[in-house]
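Student: Count along the sequence shown from 1, then add 12; that gives the number in this note's numbering.
Beta carbons: idealized from backbone N, C-alpha and C, even for Gly.
Okay, here's the structure, questions in a sec.
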Amino acid sequence: MIDAMISGTGSYVPNKRMSNDELAQIVDTSDEWIFSHTGIRARHIAAEHEAASDLGVEAAKKALEDAGIEPLKIDLVLVATSTPDYNSYPSTACIIQDRLGCKNAGAMDITAACTGFVYGLETASSFVASGRAKHVLLVGTEVNSRILNWKDRNTCVLFGDAAGAVVVSVSQDKDSRVADSILRSDGSGERALLRPAGGSRKPIETGSKADDTYVTMDGRKVYLFAVDALRRTVEELMQRNSLDIEDVDWIVPHQANVRIIQACANRLGIPQEKFFLNLEEYANTSAASIPLAMDEMRKKGLLKKGNRIITVGFGAGLTYGGNYIIW
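Have a look at this one:
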């Protein structure tokens with residue numbers, strides 16, 4: 013059996029940093045309110061000329077360099093994003109594939125919202141495990157600032173822009189691998205988190221209200237779903253792989269809201285220190301949040317060979333899932 017491993021990581025964060033105090037100048041909120049309700053202090057905002065592919069290319073370059081893999085050796089480019097360069101086509105993956113010079117690679121986008129990286133990692137691992145690919149480039153990239161209503165404090169305070177990337181390769185060491193994944197969905201919650209207009213259900217037409225193109229969210233419903241999804245995913249991955257909490261070195265959750273993570277940690281009886289968090293600086297970067305966190309962990313020396321890591325994603329769809337990784 014062929015095992016797949018993460019052979020490199022990379023990330024990119026826009027230069028512009030917006031603190032809670034700066035945000036409070038354009039919407040009725042405050043640093044105290046945002047931080048106490050979410051754990052967020054700041055977020056980074058893409059420049060006017062930056063689209064999802066621009067952020068993704070920069071993160072991907074660093075991941076390829078870290079893995080020591082040339083672009084021509086990439087067999088497939090996967091991009092998890094809810095804020096693509098264009099509406100539906102061409103895919104953002106194709107744009108990134110071309111700009112990187114991955115001339116031998118197929119390319120496709122994955123639309124699973126904030127669970128996109130989790131879905132993408134299992135997809136990449138499956139291609140490698142089947143022998144169909146030796147190296148897959150997986151990018152999570154989001155420019156959430158373009159789809160937010162900056163007058164709605166219930167949503168605009170939550171999100172930021174960023175990109176994270178990993179290279180998934182044939183494992184050269186059986187002790188390092190993507191060992192297991194869980195992918196789940198609950199489409200009955202389609203309206204809990206969505207952009208109402210812009211698709212075939214409700215095309216954008218002359219006279220359409222601009223608000224219909226922005227993210228809308230049922231905050232209470234999303235919170236309850238996220239806490240339960242996070243708990244169930246961690247429990248199932250641990251049970252399926254005969255793990256006790258002492259066996260798990262890190263849980264890397266989607267960085268949505270610190271209250272979600274605190275509630276889950278309490279219900280599972282897991283020390284909050286097991287959860288790696290960086291949303292205080294970056295806020296919710298959707299599909300980029302987990303690879304952004306993992307790259308930061310690698311750079312800080314927090315990821316060591318043999319570490320057992322559980323990632324968990326949850327978001328619009330509603331989608332959720334997780335990966336069990338042995339570093």
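(1) In angstroms with no decimal places, state the Cα-to-Cα distance between residue 211 and residue 228.
(2) Decide if the stretch 105–113 is in contact with the stretch 59–72; the criterion is three or more beta carbon pairs, one per stretch, under 8 Å apart.
(3) DSSP puts residue 175 in a beta bridge; with which residues?
(4) So residue 289 and residue 302 are in contact, right, with Cβ under 8 Å, and what is the actual spacing, rounded?
(5) If contacts are defined as beta-carbon pairs under 8 Å, then residue 195 and residue 134 qualify, I think. What distance do you get, rounded to the angstrom?
(6) Measure the Cβ-Cβ separation of residue 16 and residue 145 and say whether it is below 7 Å.
(7) Below 7 Å between beta carbons: does that hold for residue 54 and residue 31?
(8) State buried or exposed for residue 154, treating a residue as buried only when at least 16 other CB atoms are found within 10 Å of its CB.
(9) With burial defined as no fewer than 16 other Cβ atoms inside 10 Å of the residue's Cβ, what is the status of residue 84: buried or exposed?
(10) Is it a yes or a no for the stretch 168–177 touching the stretch 318–335, going by three-plus beta-carbon pairs under 8 Å?
(11) What residue ranges within the stretch 73–156 form continuous beta strand (DSSP E) runs of no fewer than 3 residues, ordered along the chain?
(12) Determine the extent of the alpha helix (DSSP H) in which residue 235 is found, giving its start and end residues.
(13) Could you check what DSSP says for residue 328 in three-state terms: helix, strand or coil?
(14) Could you tell me the alpha carbon to alpha carbon distance between residue 164 and residue 260, rounded to whole angstroms?
(15) Output the boundary residues of the beta strand (DSSP E) element that contains residue 262.
(16) Exposed or buried, what is residue 223 when buried is set at 16 or more other beta-carbons lying within 10 Å of its beta-carbon?
(17) Inspect the beta-carbon positions of residue 365 and residue 239 and report whether they are closer than 7 Å.
(18) If distances are taken between C-alpha atoms only, which option among 320, 118 and 25 comes closest to residue 256?
(19) What does the alpha-carbon distance come out to for the pair residue 285 and residue 203?
(20) Given this structure, state the Cα-to-Cα distance separating residue 329 from residue 102, to the nearest angstrom.
(21) Grab the span of the beta strand (DSSP E) containing residue 194 for me, first residue to last.
(22) By alpha-carbon positions, which one of 242, 247, 87 and 124 ends up nearest to residue 113?
(23) Where do the ends of the beta strand (DSSP E) carrying residue 56 lie?
(24) Can you find at least 3 beta carbon pairs, one from the stretch 311–318 and one from the stretch 167–174, that sit closer than 8 Å?
(25) With distances taken between CB atoms, is the gap from residue 243 to residue 279 smaller than 7 Å?
(26) What is the DSSP secondary structure of residue 51, reduced to helix, strand or coil?
(27) Could you give the distance in angstroms between the alpha-carbon of residue 215 and the alpha-carbon of residue 152?
(28) Under three-state DSSP, which class holds residue 13?
(29) In chain order, what residues of the same chain have a beta carbon less than 8 Å from the beta carbon of residue 125, not counting five sequence neighbours either side?
(30) When burial is assigned at 16 or more other CB atoms within 10 Å of the CB, is residue 132 buried or exposed?
Tutor: Taking the definition as stated:
(1) As a first step, residue 211 is located in the sequence shown; it is residue number 199 there, counting from the start. As a first step, residue 228 is located in the sequence shown; it is residue number 216 there, counting from the start. Rounded to whole angstroms, residue 211 to residue 228 spans 15 Å at the Cα level.
(2) yes
(3) Walking along the sequence shown from the start, residue 175 turns up at place 163. The partner list for residue 175 (beta bridge, DSSP) reads 24 and 153.
(4) The count along the sequence shown starts at 1 and reaches residue 289 at position 277. The count along the sequence shown starts at 1 and reaches residue 302 at position 290. Not confirmed; about 12 Å, so no contact.
(5) Within the sequence shown, the letter at position 183 stands for residue 195. Within the sequence shown, the letter at position 122 stands for residue 134. Going by Cβ atoms, the distance from residue 195 to residue 134 rounds to 6 Å, so yes, they are a contact pair.
(6) Looking up residue 16 in the sequence shown gives position 4. Looking up residue 145 in the sequence shown gives position 133. Contact: no.
(7) Position 42 of the sequence shown, counted from the start, is the residue given in the question as residue 54. Position 19 of the sequence shown, counted from the start, is the residue given in the question as residue 31. The answer is yes: Cβ separation under 7 Å.
(8) One-based indexing of the sequence shown puts residue 154 at position 142. When all chains shown are included, residue 154 counts as buried.
(9) Mapped onto the sequence shown, residue 84 falls at position 72. With fewer than 16 other Cβ atoms within 10 Å, it is exposed.
(10) no
(11) 88–92, 118–122 and 147–155
(12) As a first step, residue 235 must be located in the sequence shown, where it is residue number 223. Counting along the chain, the alpha helix (DSSP H) containing residue 235 begins and ends at 231–252.
(13) In the sequence shown, the residue the question calls residue 328 occupies position 316. The answer is coil: DSSP assigns residue 328 none of H, G, I, E or B.
(14) Start at 1 with the first residue of the sequence shown, and residue 164 comes out as number 152. Start at 1 with the first residue of the sequence shown, and residue 260 comes out as number 248. Approximately 39 Å, taken between the alpha carbons.
(15) Along the sequence shown, read from residue 1 onward, the residue named residue 262 stands at position 250. Element bounds for residue 262: 262–265.
(16) Walking along the sequence shown from the start, residue 223 turns up at place 211. Exposed, by the Cβ-count rule.
(17) Residue coverage of the chain in this structure runs from 13 to 339, which leaves residue 365 outside it and unanswerable.
(18) Sequence index remark: in the sequence shown, residue 256 carries index 244 (1-based). Ranking the options by Cα distance to residue 256, first place goes to 320.
(19) For the purposes of this step, residue 285 is taken as the residue at position 273 of the sequence shown. For the purposes of this step, residue 203 is taken as the residue at position 191 of the sequence shown. Spanning the two alpha carbons is a distance of roughly 33 Å.
(20) Numbered from 1 along the sequence shown, position 317 holds the residue referred to as residue 329. Numbered from 1 along the sequence shown, position 90 holds the residue referred to as residue 102. Between residue 329 and residue 102, the C-alpha separation is close to 22 Å.
(21) Along the sequence shown, read from residue 1 onward, the residue named residue 194 stands at position 182. Note, residue 194: beta strand (DSSP E), 189–197.
(22) Mapped onto the sequence shown, residue 113 falls at position 101. Cα-wise, what sits closest to residue 113 is 87.
(23) Along the sequence shown, read from residue 1 onward, the residue named residue 56 stands at position 44. Its beta strand (DSSP E) spans residues 54–57.
(24) no
(25) Here residue 243 is taken as the residue at index 231 of the sequence shown, counted from 1. Here residue 279 is taken as the residue at index 267 of the sequence shown, counted from 1. Taking 7 Å as the Cβ cut-off, residue 243 and residue 279 qualify as a contacting pair.
(26) Taking the first residue of the sequence shown as 1, we reach residue 51 at position 39. Coil.
(27) The sequence position of residue 215 within the sequence shown is 203, counting from 1. The sequence position of residue 152 within the sequence shown is 140, counting from 1. C-alpha separation (whole angstroms): 26 Å.
(28) Counted from its first residue, the sequence shown places residue 13 at position 1. Reduced to three states, the DSSP call for residue 13 is coil.
(29) As a position in the sequence shown, residue 125 is number 113, starting the count at 1. So the list reads 94, 205, 298, 299, 327, 328, 329 and 331, once near-sequence residues are dropped.
(30) Translated into the one-based positions of the sequence shown, residue 132 becomes position 120. Counting Cβ neighbours within 10 Å, residue 132 comes out buried, since at least 16 surround it.
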